[in-house]
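Trainee:
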Amino acid sequence: MLYALMADRPFVDPNVRIREHLERVVTITGDLYEAPGGQKVLAIKQVQAAR
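Residue 366 in the numbering used here is what sits at position 44 of the sequence shown, and the numbering runs on without skipping anything.
#1: Whole angstroms is fine: what's the gap from Thr351's alpha carbon to Asp330's?
#2: Taking the alpha carbon of Met323 as the reference point, which residue from Val369, His343, Lys362, Arg341 has its own alpha carbon closest?
#3: In the DSSP output, what is Val302 paired with across the bridge?
#4: Please name the residue in Ile366, Arg339, Val347 whose C-alpha comes closest to that of Arg373.
#5: Keeping to the same chain, check which residues put their C-beta closer than 6 angstroms to that of Met328; ignore five residues upstream and five downstream.
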């Protein structure tokens with residue numbers, strides 16, 4: 323499943339929270355929305371390294 327990421331508030335870059343975790347397995351929590359056309363969008367609230 324592919325999710326588009328967005329910040330949990332306006333005018334914030336969603337990549338800031340995940341940039342340090344690139345190429346690692348993480349657990350992302352947030353709110354999931356479905357955009358028009360069926361695209362899944364995840365508003366990131368927290369990112370943690372996977373256990």
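Virtual Cβ for every residue (Gly too), placed ideally from N, Cα, C.
Mentor: So, from the listed chains and residues:
#1: For the purposes of this step, residue 351 is identified with residue 29 of the sequence shown, where counting begins at 1. For the purposes of this step, residue 330 is identified with residue 8 of the sequence shown, where counting begins at 1. Each residue's Cα considered, the two are about 11 angstroms apart.
#2: In the sequence shown, counting from the first residue as 1, residue 323 sits at position 1. Considering only alpha carbons, the answer is Lys362.
#3: Residue 302 is absent from the structure shown; the chain starts at 323 and stops at 373.
#4: Along the sequence shown, one-based indexing puts residue 373 at 51. Of the candidates Ile366, Arg339, Val347, the one whose C-alpha sits nearest the C-alpha of Arg373 is Val347.
#5: The residue you call residue 328 lines up with position 6 of the sequence shown. Counting only Cβ-Cβ distances below 6 angstroms, and skipping sequence neighbours, we find Pro336, Val363, Ala365.
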